[in-house]
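Asker: Take this structure, written in structure tokens, and hold onto it; I'll ask about it next.
There are 2 protein chains.
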Amino acid sequence: MATDTAPPTDPAIESAPETGAAEQLERPGGRHGLPQAEVDVAALRAVLDGRYAEVRDLVRHNLVEYSSILDEAETLDRDAYRGRVKEVLVEMAATGQTGMGFPESYGGGGDVGASFAAFETLAFGDLSVLVKTGVQFGLFGGAILHLGTERHHERYLEDLITGKLLGCFAMTETGHGSNVQALGTVATYDAEAREFVITTTEPDANKDYIGNAAAHGELAVVFANLEVAGERHGVHAFVVPIRVEGEPAPGVRIEDDGLKIGLNGVDNGKLWFDGVRVPREALLNRFADVSEDGTYSSDIENPNRRFFTMLGTLVQGRVCVGGAGINASKVAIAIAVRYALKRRQFEATSPDQEDLLLDYGQHQRRLFPLLAQTYALHFAQEVVAQQCHEVFSGERTDEKFRRELESRAAGTKALGTWHATRTIQESREACGGAGYIAENRFAALKADTDVFTTFEGDNTVLLQLVAKGLLTDYSSEFEEMDQLGMVRFVTGLAVETVVEKTNVHKLLERVRDLLPGGEQWDQEAGILDTDYQLAMLRFREEHMLAGVARRLKRGIDQGMNPGQVFSRVQDHVIHAARAHVERLVVEAFADKVASLEDGSTKAALGLLLDLHALSVIEADRAWWMEHGRLTTARSKEISRAINSLCRRVRPVARELVDAFGVPEEMLRARDLVG
Amino acid sequence: MATDTAPPTDPAIESAPETGAAEQLERPGGRHGLPQAEVDVAALRAVLDGRYAEVRDLVRHNLVEYSSILDEAETLDRDAYRGRVKEVLVEMAATGQTGMGFPESYGGGGDVGASFAAFETLAFGDLSVLVKTGVQFGLFGGAILHLGTERHHERYLEDLITGKLLGCFAMTETGHGSNVQALGTVATYDAEAREFVITTTEPDANKDYIGNAAAHGELAVVFANLEVAGERHGVHAFVVPIRVEGEPAPGVRIEDDGLKIGLNGVDNGKLWFDGVRVPREALLNRFADVSEDGTYSSDIENPNRRFFTMLGTLVQGRVCVGGAGINASKVAIAIAVRYALKRRQFEATSPDQEDLLLDYGQHQRRLFPLLAQTYALHFAQEVVAQQCHEVFSGERTDEKFRRELESRAAGTKALGTWHATRTIQESREACGGAGYIAENRFAALKADTDVFTTFEGDNTVLLQLVAKGLLTDYSSEFEEMDQLGMVRFVTGLAVETVVEKTNVHKLLERVRDLLPGGEQWDQEAGILDTDYQLAMLRFREEHMLAGVARRLKRGIDQGMNPGQVFSRVQDHVIHAARAHVERLVVEAFADKVASLEDGSTKAALGLLLDLHALSVIEADRAWWMEHGRLTTARSKEISRAINSLCRRVRPVARELVDAFGVPEEMLRARDLVG
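As they're listed, the protein sequences go chains A and B.
Counted from 1, the first sequence has number 184 at position 184 by our numbering; the numbering is strictly sequential.
Counted from 1, the second sequence has number 1284 at position 284 by our numbering; the numbering is strictly sequential.
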């Protein structure tokens, strides 16, 4: 099989009936007749690195500098490995890499967007370093910065930015993960002593899986239900010393979470509080305060909204984890593609030499749609990081924008981390037995990224959050609703609005405007037309959403318990949210491609965009058929086109993974990847 | 949500248009109106355990006896863990558990089927013990037994059955995994010395990933290309001492494969041979021999067929790995179901108490189809183990039966091990952060089973093997063909036969016989009718196969290189093979259900059968729509029916996982699973 020239035109062995698209794809000089040998890796990498190329290069440099950590992760015992991760964290902090999101006045870089770029690039390397960095600077530091006020900033920021002061973000409890409002840790205000008393009130209400808790943390930002003069005010955050000169502080019990599937360089632990007293000033009081005499005050009256406003600061963590998942995927797919360009197996084309793995159609089908999706998610992540930068640097202050960001961050995190799990697994299998040897990174990638789908919000719960936003159109009541409230809201007053908004007739009008092809738009537009692809994705999203709203309402109208109604519609809810996020991802990729000047870089990315968009449609093609928006002939045509696109990607596959700029040292086992 | 009564009838919130099946499902006393509270765990377990219940109970007993190995896997260093695994292996051997497949005359149990039951049950526990057991008794012992003759049996069997003599199965090379015929290790006959000289002739021709090689093995069965008087005779197996009193034998170089993703209690290593001399009698000479003067002889003239006959003994290993994957899945799904019956999250149904995870519709959708598939694969595995027993105990001697067994074993191994990877991942995620802590088994399950999709045959390569058998109708030439040969065969003389055999018209005739509903059979039959489900699966399989044959032929007719043709059709080939194996699995499950007497056990298994069969159809429903065998209304009805079936499974979920009989000690983290 030719490896560096375009494959010959061959529509004939594709399944009949043959239509134009596949043939068009195979024709050199067609829409995708890109000058393939000329893909300029540096130019493509510049597009990927974007405005933070320098930041990313600094992190790449640091990764190479500390690449011995990849070996140390395997050779050191757990305590030593944890210690080494801490060392690397502190030394990287000294290069400015980890403090970019903090104010310059405290020694930070003053650029939130830069902090995302730095963090996600760090995901090319050891992921315990990454996660400990996230715990220290994102979660702990972020809570001090965003939930605290000047007194907290003055006292803690400088030391935490340098890594001199290590801290925890103590939210999750053994008994409560996703349902934060139900936390069983209580902070009672003692007006006489002007102190809060922090107590673990129930079995299973201990904090759990808390990074930095088992060994290194001195402080913890503890989330607890606040009680003042017998009245509960919901969950608030307090700065609590948990360790004094290396020993647990009085009243604090600490247990090690022990061995985990991965990330064993991070010291996760459990915390119990038995009447631990902290001064009144320990309350992180940006959104609420308690006066000396015990008067509770907050600018945000509604307790639910107050809670969700505080939780809103979590969005940065979600943006970070999503980006990390996407970048970890790049490492895996780069190894798999390079292995398949070195490894030969079976004499298929000639009796004299075995064929390269990457020349097998099935192998291309396994890897290239995932490669295209990695690119798509990269650009979707760029959008969410940019929006987050705008919100947290105060460039955008409107509430609706912020809520949309929260939804987008949740959705991108879910898709990005599921993508990581899948891509790493598929890449490992594509490397066969060689992939099973720890040396080549898959062991660490698999084990360490596994929990990405869970922490910073369980992916399924996050998609429900996305759906909630869509169903309520990010209304002002959005933040105040728990699950039960959402069902009641959707099935109450608002449902007609939702159905109206997502009205299929309206949508079709919009689609007609977009693609003036008349009633037959979905049969006449070219499948390689980005407008067609996006219209398909929009149709699915809005149709599903309307369906969810109708089903919820119907159930309630019949007098069913809202929780039961929700349970029955839940898979539909999740599917709708997923459809929404998939559309956002394709849109972000399409916008990026559209923004580029004509040339080989644009052509290569256009090819990947088509491959990704059609793969998304193919994966759920049954839905479009079921809803009359895809003929069976067209559905088959899409599958054929994907095969053709894979063959077009083949000659530039190496360049496409090289453009990720994963340092060679991060691939390890270099004799494997050639 | 009610947890132990049938949910109320509620067709109305399902998507319109409503048809009968979902409603029927919800109606107590309908086809699936099983007396759910009465599911008898012991009776169900008896059906699962089958004829080898005693063997399975012996292994369960041993697993509990040695359950400390689950802790030791985490606490011991690698060398100590390897040593402990070896100890456990030897001690389990003394109970008769591991020697069941060997002749009684050498101390074995004389029952091949029992050896499969024992092995797959062992997969509930530490998987390093399992895999080392497989290496020693299955691969090494199996090669001595099946490729050797009496002189080898007399010399080695007794000691290897007790575990006194540990050995390797040295087939795979760094440069050659799946393509065994291309091995670069050469055995040259020196007639003067009456010895074979074993040499690693090329870079990358060293043996690799060889279990027992790095530390414990004394002997290795080495696969090498035989050369006699300058003539090559293809791959043969030789018994080669690799270690003498703990040190590498002269001319043998051994390297440790080092840390792996999992299975670190197994000492995998690399082997190089530099002119290692072994006596003429070291050739395992059941199928071929070399006389003292250097005359090569074999009863099997065709070298390809000889090779595949030798490889045929590998079928036992595949049967074992498939069964192990299926049983490892049982552990994961049991933990996830029990966790979801303990863990509460969000107040969905009432404001006072959070709901159990398992009462959420999405959670049921995640777990129950996998639970049903685990049951289906269990019974499919029972069939393949039984057939393998018949072949290897000489009850069935016809070649076609044996080739069908090889195909079935390959397919069941592929589906069973992919199922393990998916089920373990989904179960881990369904347990959230708690699932990430090593204590609860997911760490080991994930890491250890990961390579199951690769070893004993890469799953993708195995599905190609299945397709080859189908396309050539297991013809006598089947075993003699490499990939290239297969393409040429299919596209040559035989293609008309294949197309004829899989002729759609003929199929429809058969389907009409089966379901005398006339032309509209696929629209009129009930979706809960097993005959309908099977007819759908058969239609897909045969239609795909005919399509593959036609596409291969068309490509060749156009003068394309057969390898290129194959590459382009490869995803279609794999899909066809998968369709075939999925049909076999549903069929095996349906046969089992049909064989039972009416009662609660049959009703519960019938429910799982419907859930599994419809889930298989749902997953590929686009294909049936594309091929005119599924209306969009019916496709939606199938999805609704799956949701309804999940709600019917919910009240007996605990009983269904308890019936697997996974010892409590194997679940660990018992406070988690409740």
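Using N, Cα and C, we set each Cβ at its ideal position, and we do this for glycine too.
May I ask which residues mark the beginning and end of the beta strand (DSSP E) holding arginine 1253 of chain B?
Answerer: That run of the beta strand (DSSP E) goes 1252-1256.
Asker: Going by beta carbon distance, what residues of the same chain come within less than 6 Å of glycine 1211 of chain B, once the five residues before and after it are set aside?
Answerer: Contacts found: Val1135, Val1266, Asn1268.
Asker: So does the segment 1096-1103 of chain B actually touch the segment 1238-1247 of chain B, counting three or more Cβ pairs closer than 8 Å?
Answerer: Touching, no.
Asker: What is the rounded straight-line gap between the Cα of cysteine 168 of chain A and the Cα of valine 90 of chain A?
Answerer: C-alpha separation (whole angstroms): 16 Å.
Asker: Out of A:Ala444, A:Pro663, A:Thr199, A:Asp448, point me to the one whose CA is closest to phenylalanine 273 of chain A's CA.
Answerer: The shortest Cα separation from phenylalanine 273 of chain A among A:Ala444, A:Pro663, A:Thr199, A:Asp448 belongs to A:Thr199.
Asker: Going by beta carbon distance, what residues of the same chain come within less than 7 Å of alanine 1191 of chain B, once the five residues before and after it are set aside?
Answerer: Counting only Cβ-Cβ distances below 7 Å, and skipping sequence neighbours, we find Asp1293, Gly1294.
Asker: Could you tell me whether the Cβ atoms of leucine 1122 of chain B and valine 1129 of chain B are closer together than 8 Å?
Answerer: Closer than 8 Å, so yes.
Asker: CB-CB under 6 Å to isoleucine 1144 of chain B, same chain, minus the five flanking residues each way: which ones, in chain order?
Answerer: The answer, listed in chain order, is His1152, Tyr1156.
Asker: With 8 Å as the C-beta to C-beta threshold (strictly closer), list the residues of the segment 1412-1430 of chain B near chain A in chain order.
Answerer: Residues Thr1421, Gln1425, Arg1428, Glu1429.
Asker: Would tyrosine 1686 of chain B count as contacting chain A if we go by Cβ distances under 8 Å?
Answerer: Residue 1686 of chain B lies beyond the stretch modelled for chain B, which goes from 1001 to 1674, so this question has no answer here.
Asker: Among residues of its own chain, excluding the 5 on either side of glutamate 354 of chain A, which ones have a beta-carbon nearer than 7 Å to its beta-carbon?
Answerer: If we look at glutamate 354 of chain A and ignore the five residues flanking it on each side, its Cβ neighbours are Arg344, Gln345, Phe346, Glu347.
Asker: Just the Cα atoms here: how many angstroms apart are glycine 432 of chain A and aspartate 204 of chain A?
Answerer: Distance between the alpha carbons of glycine 432 of chain A and aspartate 204 of chain A: 42 Å.
Asker: According to DSSP, is glycine 661 of chain A part of a helix, a strand, or is it coil?
Answerer: Coil.
Asker: Determine the burial state of glutamate 1231 of chain B: buried for a count of at least 16 other Cβ atoms within 10 Å of its Cβ, exposed for fewer.
Answerer: The residue in question, glutamate 1231 of chain B, is exposed, as its Cβ has fewer than 16 Cβ neighbours within 10 Å.
Asker: Could one say the Cβ of glutamine 559 of chain A lies closer than 8 Å to chain B's Cβ atoms, at least one of them?
Answerer: The question names glutamine, yet the displayed sequence has glycine at residue 559 of chain A. False, the Cβ-Cβ gap to chain B never drops below 8 Å.
Asker: Any C-beta of chain A sitting closer than 8 Å to the C-beta of lysine 1446 of chain B?
Answerer: Yes, its Cβ sits closer than 8 Å to a Cβ of chain A.
Asker: Are leucine 1183 of chain B and phenylalanine 1140 of chain B closer than 8 Å when you measure CB to CB?
Answerer: No. Outside cutoff.
Asker: Could you check if methionine 1001 of chain B is buried or exposed, using at least 16 other CB atoms within 10 Å of its CB as the buried criterion?
Answerer: Because methionine 1001 of chain B sits at a pLDDT of 34, beneath the cut-off of 50, its placement in the model cannot be relied upon, and the point is left open.
Asker: Relative to chain B, which residues along the segment 210-244 of chain A have a C-beta separation below 9 Å, given in chain order?
Answerer: Against chain B - using a Cβ distance shorter than 9 Å - the segment 210-244 of chain A contributes no residues.
Asker: For chain A, check one thing: does any of its Cβ atoms lie closer than 8 Å to the Cβ of isoleucine 1261 of chain B?
Answerer: Cβ-Cβ to chain A under 8 Å: yes for isoleucine 1261 of chain B.
Asker: For a test of the three-state rule: what should DSSP assign to aspartate 1190 of chain B, helix, strand or coil?
Answerer: Here aspartate 1190 of chain B sits in strand by DSSP.
Asker: Could you confirm whether any beta carbon from chain B is found closer than 8 Å to the beta carbon of glutamate 74 of chain A?
Answerer: Cβ-Cβ to chain B under 8 Å: yes for glutamate 74 of chain A.
Asker: Flag this pair as yes or no: are the beta carbons of glycine 555 of chain A and arginine 540 of chain A separated by less than 8 Å?
Answerer: Not a contact, by the Cβ cut-off of 8 Å.
Asker: Using a Cβ-Cβ cutoff of 8 Å, what residues of the segment 451-469 of chain A are near chain B? List them in chain order.
Answerer: From the segment 451-469 of chain A, only Val451, Thr453, Thr454, Phe455, Asp458, Asn459, Thr460 have a Cβ closer than 8 Å to chain B.
Asker: Run down chain B in chain order and give the residues with a C-beta less than 9 Å from the C-beta of aspartate 40 of chain A.
Answerer: What aspartate 40 of chain A touches in chain B: nothing, since even the nearest Cβ is about 28 Å away.
Asker: Consider the Cβ of isoleucine 574 of chain A: report whether some Cβ of chain B lies at a distance smaller than 8 Å.
Answerer: Chain B contact via Cβ: present.
Asker: Mind listing which residues of the segment 85-100 of chain A have their C-beta closer than 8 Å to chain B's C-betas, in chain order?
Answerer: Of all residues in the segment 85-100 of chain A, none has a Cβ within less than 8 Å of some Cβ in chain B.
Asker: Assuming contact is defined by CB atoms lying nearer than 8 Å, are threonine 1423 of chain B and serine 1329 of chain B in contact in what I supplied?
Answerer: Yes; because the gap between Cβ atoms is below 8 Å, this pair is in contact.
Asker: Taking the DSSP output, what are the residues bridged to phenylalanine 196 of chain A?
Answerer: Looking at the DSSP assignment, phenylalanine 196 of chain A forms a beta bridge with A:Tyr189, A:Val278.
Asker: Please list the residues of the segment 359-388 of chain A that have a C-beta atom closer than 9 Å to any C-beta atom in chain B, keeping them in chain order.
Answerer: Against chain B - using a Cβ distance shorter than 9 Å - the residues of the segment 359-388 of chain A are Asp359, Tyr360, Gly361, Gln362, His363, Gln364, Arg365, Arg366.
Asker: Expressed to the nearest angstrom, what Euclidean distance is found between the alpha-carbon atoms of lysine 400 of chain A and alanine 1525 of chain B?
Answerer: If you take the alpha carbons of lysine 400 of chain A and alanine 1525 of chain B, they lie about 51 Å apart.
Asker: Would you mind stating whether glycine 107 of chain A and isoleucine 161 of chain A have Cβ atoms separated by less than 8 Å?
Answerer: Yes; because the gap between Cβ atoms is below 8 Å, this pair is in contact.
Asker: By alpha-carbon positions, which one of B:Glu1281, B:Ala1622, B:Ala1380, B:Asp1049 ends up nearest to glutamate 1154 of chain B?
Answerer: Glutamate 1154 of chain B has its Cα closest to that of B:Glu1281, out of B:Glu1281, B:Ala1622, B:Ala1380, B:Asp1049.
Asker: Answer with buried or exposed for histidine 363 of chain A, where buried requires no fewer than 16 other C-beta atoms within 10 angstroms of its C-beta.
Answerer: Histidine 363 of chain A is buried by the Cβ-count criterion.
Asker: Does any C-beta atom of chain A lie closer than 8 Å to the C-beta of glutamine 1345 of chain B?
Answerer: Yes - at least one Cβ of chain A is within 8 Å of the one on glutamine 1345 of chain B.
Asker: In chain order, what residues of the same chain lie with their CB nearer than 8 Å to the CB of aspartate 588 of chain A, ignoring the 5 residues before and after it?
Answerer: Note on identity: in this sequence residue 588 of chain A is alanine, with aspartate being the wrong assignment. Ala376, Phe379, Ala380, Glu382, Val383, listed in sequence order.
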